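Asker: The structure that follows is given in the form of structure tokens.
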Amino acid sequence: MRKLQLLMVALVLLTLTGGLVQAQDDPEPIVAEPGIELNMVLLPKTLGNAVFDEAHEGAIEAHEELENPGELIFNAPTPDNAIPGQIEIIEASITQEVDAIMISANDYEQLLPSTTKAMEDDITVVTWDSPVAPEGEDLFIAQVDFTEVGSVMADMALSILGEDGGQFAILSATPDASNQNAWIEAMQALLEEDEMYANLELVDIVYGNDDPDDSYNEALGLVDSYPDLELIMAPTTVGIAAAAKAMQDEELCGEIAVSGLGLPSEMQEFVENGCSQEFALWSFKDLGYLTYYVSYLLASGAMEAEEGVVFEAGRMGEYTIEADPNREEGLRVLMGPFSVYNAENLEEWAAEEE
Amino acid sequence: MQQPKRWARLKNWETLMFIILCVVVVGNLRLSEHYLDLNNLANIFHLSIEKSLVVLIMAFVIINGEIDLSVASVMGLAATVLAERYEAGWPIAAGFAMALVVGLVCGLLNGLFAAYMGIPSLIVTLAGSIGYRGVARILLEDNSVGDFPNWFTSLGQDGLIGPFPATIFVFLALFILGFVILQYSVFGRYVYAIGNNRAAAEYAGINAKQVKLTIFMASGLIAALAGAFYAARLGNVRANAAEGFELDIITIVLLGGVSIFGGTGTMIGVGLSLLVVLNLRNGMSLSNVDGNTQTSVIGILLILSVLVPNLFQLLQRLLPRVFSTISGFTNKGGAPEPKSQVSIHQ
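Printed below as a string of structure tokens:
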């Protein structure tokens with residue numbers, strides 16, 4: 000009898016712990032409760048940049064969706080006063096006792112004294128687009144994994160050139176742009192490693208300095224230098240639009256494709272007239288929306304900034320807080336994936352914009 | 000026609016600044032419940048302490064009839080030298096001292112070229128501004144240096160008395176020192192005399208070159224001190240530190256009633272103008288006014304401050320009787336006055 004009892008207790012314990020383990024594997028996502036009053040500040044790098052206005056739109060959408068009776072403040076410094084200006088806005092936000100500050104940082108370290116002070120005052124500090132060092136933030140909302148940019152570009156090249164492959168060239172921003180260089184390196188590494196991309200031949204990398212005229216001329220230069228060129232891949236919104244324009248003006252649109260990272264609003268006409276079949280970018284509107292959701296969850300106390308926490312961000316679905324592979328002891332929420340735009344979904348995009 | 004002297008004094012530039020300050024303060028009180036928070040009062044000064052320090056010496060430079068456009072670059076170079084030496088293994092105090100020496104040398108160069116070789120200081124210090132920044136960029140390139148010892152960063156970040164950090168008390172001490180030197184010392188009277196009419200001052204036996212060199216060196220030294228404080232406040236240095244600060248600094252000095260042509264202005268006026276600008280910026284920040292608007296407001300204030308007294312002067316000439324009673328604004332300090340009105344302020 001005793002033994003049986005013990006056995007039963009053990010069995011119960013086992014199922015219980017088993018259940019716990021299972022619960023950890025597949026936890027219920029934390030869902031935001033609407034209507035909590037939180038004053039929140041969206042602080043991008045500078046004023047007057049279209050992508051930050053898009054992020055603001057996304058934040059407004061989330062603000063309204065969550066029926067937050069508090070304020071959503073959008074403020075940024077002028078470009079000539081970038082770092083001291085961000086510090087001033089953070090300090091003013093601390094004085095105003097806001098609940099959350101969402102920062103796209105102009106510097107990885109120089110904002111730390113202010114952001115740490117904000118955190119000591121129980122203000123949620125979430126960075127997006129560009130982080131600060133981990134000790135000065137709760138977590139970072141990364142738009143995409145930077146190594147992923149390489150594979151997205153390789154995939155687009157593959158889908159445009161087909162399995163038989165062909166020659167393509169890269170039109171980048173400046174030679175010392177760290178983002179673009181990292182993306183190109185990631186792509187090159189992939190081309191070498193993966194058999195799938197074996198027939199894609201990268202013939203040249205040129206730099207248009209993110210200047211429309213320079214980029215336009217560099218694109219034409221590529222056409223002259225490589226008669227068999229089939230694709231120009233530009234990992235910069237300025238470069239891709241300039242290259243598409245150049246192909247359009249030279250009536251080469253059927254012969255040489257243009258792809259890379261582009262803004263839908265700038266690329267729409269080139270997709271419609273066939274100069275560009277496909278391009279990619281992350282949505283800054285979604286980035287603003289997701290950032291707002293995360294900050295709301297953290298500031299309302301519904302969620303802690305800890306590795307493994309799963310939450311739901313409205314229309315964007317479930318996300319998990321994870322360790323940031325690029326920053327020691329940093330936490331991130333990886334937004335991803337890229338939006339790849341082509342003729343089909345660009346129409347939808349345009350319809351939504353109107 | 001004759002106004003009682005006391006009445007005239009009440010209507011001078013300082014009074015105008017004081018009235019504007021009161022308006023700004025009342026406005027801030029109405030706009031934000033947090034304005035009087037002790038932390039905010041500290042922030043008003045703390046977030047612009049480096050510029051405020053340099054404003055003090057810039058008042059001397061401009062009253063003396065010169066300009067120093069290189070101050071922001073000297074600030075950046077000093078911060079860079081401090082960081083670079085620290086990274087090279089020097090104790091931070093030695094790096095600090097080295098930064099001050101570098102500031103003095105920059106000031107010495109400015110002074111030698113401007114005062115002794117007679118090249119206009121606008122050109123000398125413009126060149127200095129480019130050159131000193133260039134050296135800073137060579138030293139640090141695109142790197143940033145941080146992780147300074149705690150005592151150093153707390154100098155610029157932590158409250159010494161309440162939330163007021165040590166740098167604010169350094170500023171107060173230097174303000175009092177500057178006030179006494181400019182308004183009550185022989186050296187101060189030389190500064191005005193040279194600014195008003197250099198030739199006349201030299202005939203009177205004043206060594207103008209020496210006075211100018213001294214002021215340029217002091218400007219370099221104070222700018223370097225401010226640069227080191229900037230490094231302490233941010234806890235981290237890049238070669239572009241303090242870039243563009245010179246314009247704000249000069250704006251505050253001119254708004255304080257110092258004539259760009261030299262010879263007029265007082266330390267009290269400059270102090271009041273500093274309070275006006277800092278409080279205005281703080282109030283606008285607390286009301287979430289964006290950076291572009293903030294800059295415009297300060298710009299408009301500066302234009303008005305030059306325009307209004309000139310307008311009074313013009314109207315006074317056209318309608319002498321009517322406007323003689325409200326002409327006080329133009330009599331002391333303020334707008335660029337004709338050089339012939341030599342008056343040594345005390």
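Order-wise, the sequence lines are chains A and B.
Its first residue numbered 0, the first sequence is counted upward by one per residue in numbering that gives the first Met the number 0.
Its first residue numbered 0, the second sequence is counted upward by one per residue in numbering that gives the first Met the number 0.
Built from N, CA and C at the ideal position, the CB exists for glycine as well.
Just so it is clear, the structure is predicted and the values come from calculations on it, not from any experiment.
Rounded to whole angstroms, what is the Cα-Cα separation between C274 of chain A and A82 of chain B?
Answerer: C-alpha separation (whole angstroms): 51 Å.
Asker: Run through DSSP, which three-state label would W12 of chain B get?
Answerer: helix
Asker: Are M216 of chain B and L107 of chain B closer than 9 Å when you measure CB to CB?
Answerer: yes
Asker: G155 of chain B by DSSP, collapsed to three states: which one?
Answerer: Residue state, collapsed to three classes: helix.
Asker: Of all Cβ atoms in chain B, is any one closer than 9 Å to the Cβ of Y225 of chain A?
Answerer: no
Asker: Is DSSP giving S164 of chain B helix, strand or coil here?
Answerer: First, the residue type needs correcting, since residue 164 of chain B is Pro and not Ser in the sequence shown. If DSSP states are grouped into helix, strand and coil, P164 of chain B belongs with the strands.
Asker: For T250 of chain B, report the span of its alpha helix (DSSP H) as first-last.
Answerer: Its alpha helix (DSSP H) spans residues F244 to L254.
Asker: Can you grab the Cα-Cα spacing for the pair L201 of chain A / V309 of chain A, in whole Å?
Answerer: 40 Å
Asker: Under the rule that 16 or more other beta-carbon atoms within 10 Å means buried, what is A238 of chain B, buried or exposed?
Answerer: buried
Asker: Keeping to the same chain, check which residues put their C-beta closer than 6 Å to that of I118 of chain B; ignore five residues upstream and five downstream.
Answerer: F112
Asker: Please identify, using Cβ separations under 7 Å, the residues of the segment 97-117 of chain A that lie next to chain B, in order along the chain.
Answerer: E108, Q109, L111 and P112
Asker: In whole angstroms, what separates the C-alpha of L42 of chain A from that of G253 of chain A?
Answerer: 43 Å
Asker: Taking one C-beta from the segment 155-174 of chain A and one from the segment 120-135 of chain A each time, how about it: are there three or more such pairs within less than 8 Å?
Answerer: no
Asker: Answer with yes or no whether the minimum CB distance from G84 of chain A to chain B is below 9 Å.
Answerer: yes
Asker: At a CB-CB cut-off below 9 Å, which residues of chain A make contact with T79 of chain B?
Answerer: The premise fails here: T79 of chain B is roughly 14 Å from chain A at the closest Cβ pair, so nothing lies under 9 Å.
Asker: In whole angstroms, what separates the C-alpha of S62 of chain B from that of V54 of chain B?
Answerer: Reading off the sequence, residue 62 of chain B comes out as Ile, not Ser. Their Cα atoms are separated by approximately 12 Å.
Asker: Since M216 of chain B sits in a beta bridge, which residues does DSSP pair it with?
Answerer: M216 of chain B pairs with nothing; no bridge assigned.
Asker: Pull up the CB-CB distance for G64 of chain B and G261 of chain B, whole angstroms please, since I reckon it's below 8 Å.
Answerer: Sure, about 3 Å apart at Cβ, within 8 Å.
Asker: Nearest CA to the CA of T236 of chain A: which residue from A:G165, A:L37, A:D154 and A:S258?
Answerer: Considering only A:G165, A:L37, A:D154 and A:S258, the residue with the shortest C-alpha distance to T236 of chain A is A:S258.
Asker: Run through chain A and tell me which residues come within less than 7 Å of N39 of chain B, C-beta to C-beta.
Answerer: T94
Asker: Is it the case that the Cβ atoms of A139 of chain A and V125 of chain A are separated by a distance below 9 Å?
Answerer: The sequence shown places Phe at residue 139 of chain A, not Ala. It is a contact, given that the beta carbons lie within the stated cut-off.
Asker: Taking a cut of 7 Å between CB atoms, which residues from the segment 44-69 of chain B lie near chain A?
Answerer: L46
Asker: Can you check whether the CB of P308 of chain B is closer than 9 Å to the CB of W89 of chain B?
Answerer: no
Asker: Contact defined as beta carbons within less than 8 Å: I believe I320 of chain A pairs with A304 of chain A. What is the distance between those atoms, to the nearest angstrom?
Answerer: 6 Å
Asker: Taking 8 Å as the threshold, find out whether the segment 208-224 of chain A comes into contact with the segment 148-162 of chain A through three or more Cβ pairs.
Answerer: no
Asker: For a test of the three-state rule: what should DSSP assign to W89 of chain B, helix, strand or coil?
Answerer: Look at W89 of chain B here: in three-state DSSP terms it is coil, with no helix or strand label.
Asker: What is the C-beta distance between Y131 of chain B and S72 of chain B, in whole angstroms, given that I count them as a contact (C-beta under 8 Å)?
Answerer: With a Cβ gap of about 4 Å, Y131 of chain B and S72 of chain B count as contacting.
Asker: Restricting to Cα atoms, I'd like to know which of A:E87, A:V97, A:P263 and A:E192 is closest to A298 of chain A.
Answerer: A:V97
Asker: Tell me which same chain residues have a C-beta within less than 7 Å of the C-beta of P335 of chain B, skipping the five on either side of it?
Answerer: Low confidence applies to P335 of chain B: its pLDDT is 44, below 50, so where it sits in the model is not reliable, and the reading given next is rough at best. Answer for P335 of chain B: S258, I259 and F260, listed in chain order.
Asker: Inspect the beta-carbon positions of L154 of chain B and T166 of chain B and report whether they are closer than 9 Å.
Answerer: yes
Asker: Classify S295 of chain B: buried if its beta carbon has 16 or more other beta carbons within 10 angstroms, exposed otherwise.
Answerer: exposed
Asker: How long is the line joining the alpha carbons of I29 of chain A and M315 of chain A, rounded to whole angstroms?
Answerer: 14 Å
Asker: What span of residues does the beta strand (DSSP E) with I169 of chain A cover, start to end?
Answerer: G165 to S171
Asker: Between which two residues does the beta strand (DSSP E) holding T123 of chain A run?
Answerer: T123 to W127 is the span of the beta strand (DSSP E), which, as asked, contains T123 of chain A.
Asker: Which value, in whole angstroms, describes the spacing of the CA atoms of Q21 of chain A and Y291 of chain A?
Answerer: Confidence is the limiting factor: at Q21 of chain A the pLDDT is only 45, short of 50, which leaves the residue's position unreliable, though a coordinate-based value still follows. Answer to the nearest angstrom: the Cα atoms are 30 Å apart.
Asker: Can you confirm whether D213 of chain A, when its beta carbon is compared against all beta carbons of chain B, has any partner nearer than 9 Å?
Answerer: no
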